[in-house]
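Following: one structure in structure tokens, then a few remarks.
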Amino acid sequence: MVIKTGEIATPSAPKDRVTQLEMKTNDLISKSQSLIVKDEDTFLIGDDWEKTLLKLKKDIEDFYKDDIQNAYRTWKGLTAKRNSFLTPVDNAIRQLKRKMSDYRMMLERKRKQKEAEERAKADENARKERERLEKKAEKAEKSGKTEKAEEFRQEAEDVVSIAPKMPEPELPKGTYFKKSYVPTVVDFAALPDEYKKADMSLIKKVVNAHQGKKVIPGVKISVDMIKVTKRV
């Protein structure tokens, strides 16, 4: 490999020093690569060049040490500054998602409650209809109308409770919610060995892959609603 001037230049290193380092590096690399170790003399030469290359390696590291440290401090400062803006934004996003998820779950609770109420009404209406038909069957039977009584009883058996299904709450176009199952370790000792690294990302991946039906000892699974927006 041939080092070219500019490949290792730094903002604070003079060009002549970079050129000198380049020439020295290329010269030693070339000599070491062309050396054929065939006897004691060439072995000793190789040993000396190895020491020289190790010294050159340290010189190169020292040459860039200050610039690397300065670059790291700059990177660290800029990263901290960036995070000072990103962190509150990420927190705001999480809060909004939680609010929208809570709202969606509230709508779902209301929908299920309404369905339960309608189902109870339908069950009650069906019960009353069966009672009405049973009374007609008894009346017909008392009048000697056996066949008619059987017809009424058959009608009573055929009465079914039909409750209207409540529609899903309407959301903005392109927006929907999907279930995300959230595992929480409640008994670490009960966890299988493969999960004892407390790798929650792995546990969550397994739980979601099985749509919350995977039973992992020591883990409680709850459901979170995640807002998803399609591109339209």
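Each residue of the sequence shown is one higher than the one before, counting from 11 in the working numbering.
Beta carbons are placed, not taken as given, at the ideal position from N, Cα and C, and that holds for glycine.
Round the Cβ separation of residue 176 and residue 131 to the nearest angstrom and send it over; I've been treating them as touching at under 8 Å.
The pair is not a contact, with the Cβ atoms about 13 Å apart (cut-off 8 Å).
What does the alpha-carbon distance come out to for the pair residue 47 and residue 37?
18 Å
Looking only at its chain, what residues have a beta carbon closer than 8 Å to the beta carbon of residue 214, apart from the 5 residues adjacent to it on each side?
191, 192 and 193
Smallest Cα separation from residue 274: which of 149, 141, 174 and 75?
Residue 274 lies beyond the range of the chain shown here (11 to 242); nothing can be said about it.
I'd like to confirm the pairing. Which residues does DSSP put opposite residue 192 in its beta bridges?
232
Could you tell me the alpha carbon to alpha carbon distance between residue 90 and residue 119, rounded to whole angstroms?
Whole-angstrom Cα-Cα distance: 42 Å.
Nearest-angstrom Cα separation, counted from residue 203 out to residue 111
34 Å
Run of the alpha helix (DSSP H) containing residue 171, from where it starts to where it stops:
Residue 171 -> no alpha helix (DSSP H), and no H or E assigned at all.
Out of 223, 108 and 231, which one is the CA nearest neighbour of residue 197?
Closest in C-alpha terms to residue 197, from the list 223, 108 and 231, comes 231.
If you draw a straight line from the alpha carbon of residue 76 to that of residue 70, how long is it in whole angstroms?
A straight-line Cα-Cα distance of about 11 Å links residue 76 and residue 70.
Roughly how many angstroms separate the alpha carbons of residue 15 and residue 44, rounded to a whole number?
With a pLDDT of only 46 at residue 15, under 50, the local geometry of the prediction cannot be trusted, and the value read off the model is given with reservation. If I take the Cα positions, the gap works out to 23 Å.
Hey, quick one: how far does the alpha helix (DSSP H) through residue 141 stretch, first residue to last?
Element bounds for residue 141: 50-152.
What is the residue span of the alpha helix (DSSP H) that residue 26 lies within?
Run containing residue 26: 25-44, per the alpha helix (DSSP H) assignment.
Straight-line Cα distance separating residue 30 from residue 242:
Confidence is the limiting factor: at residue 242 the pLDDT is only 48, short of 50, which leaves the residue's position unreliable, though a coordinate-based value still follows. In this model, residue 242 and residue 30 are separated by some 60 Å (Cα to Cα).
Same chain only: Cβ atoms within 7 Å of residue 150, ignoring 5 sequence neighbours per side
158, 159 and 162
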